Amino acid sequence: MPEYVLDQQRSRIGFVAAHRIGGRVHGGFDTFEGAIDPAGGWVTVQLDSVDTGNARRDDQLRKDFFGTATHPEMTFVTTEITPRGADRYDVTGDLTLRGTSHPLTVPFLLTQTAGEAHLTATVKLNRHTWQANWNAFTTALVHPQVLVELDVTATSG
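Each residue of the sequence shown is one higher than the one before, starting from 1 at the first, in UniProt numbering.
Okay, structure coming up:
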């Protein structure tokens with residue numbers, strides 16, 4: 001498999017966060033880049049590009065949860081790929097958010113066509129692990145588990 005470069009126009013990096021007393025917030029990131037090949041891959045997300053459809057909430061996420069003034073990017077760099085079937089892979093890597101890196105394993109479904117790779121995955125992460133909290137009230141109000149949804153198309157370069 002040659003190197004593939006993420007096609008930002010045909011890819012989505014999204015998330016769902018749940019409030020403990022009801023309601024879910026769906027959002028995503030508009031600006032990111034990355035590449036994949038047989039040895040692994042990487043993704044860099046510009047956190048200022050967060051979009052939940054609510055400008056006030058987006059500003060609060062940038063400032064208080066992500067700390068974009070000092071940590072403008074979130075990165076994922078592959079450390080291991082484990083085949084789980086003909087088109088399924090567990091991809092383990094280091095996720096860095098707010099200057100803190102922790103391992104994360106993402107179960108991907110891979111579909112390949114001529115010159116393209118399409119990857120989909122859903123994974124839960126605990127935002128407390130990366131200290132993505134604002135204050136004690138929101139730490140208690142917003143569920144710590146965030147669902148990350150990936151629907152990525154990459155083209156051979």
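Glycine is no exception: its CB is placed at the ideal position from the N, C-alpha and C atoms.
Predicted, not measured: the structure shown is a model, and the values here were computed from it.
- Where Asp58 is concerned, there is no enclosing beta strand (DSSP E), although the alpha helix (DSSP H) around it starts and stops at 55-60.
- Using a C-beta cut-off of 8 Å, the region 54-73 makes no contact with the region 83-95, since fewer than three inter-stretch Cβ pairs fall below that distance.
- The C-alpha of Gly14 lies about 17 Å from the C-alpha of Thr96.
- Here the C-alpha atom of Trp42 lies approximately 36 Å from the C-alpha atom of Ile21.
- The beta carbons of Arg98 and Gln131 sit closer together than 8 Å.
- By alpha-carbon distance to Gly28, the top candidate from Asp48, Pro38, Ile36 is Asp48.
- Apart from sequence neighbours up to five positions away, the residues of its chain that approach Val16 with a beta-carbon distance below 6 Å are Arg24, His26, Leu147, ordered along the chain.
- Under the DSSP definition of a beta bridge, Gly34 partners with Val43.
- Counting only runs that start and end inside the region 45-123, the beta strand (DSSP E) elements of at least 3 residues fall at 73-83, 88-97, 100-113.
- Glu3 is a Cβ neighbour of Ala35, given a cutoff of 8 Å.
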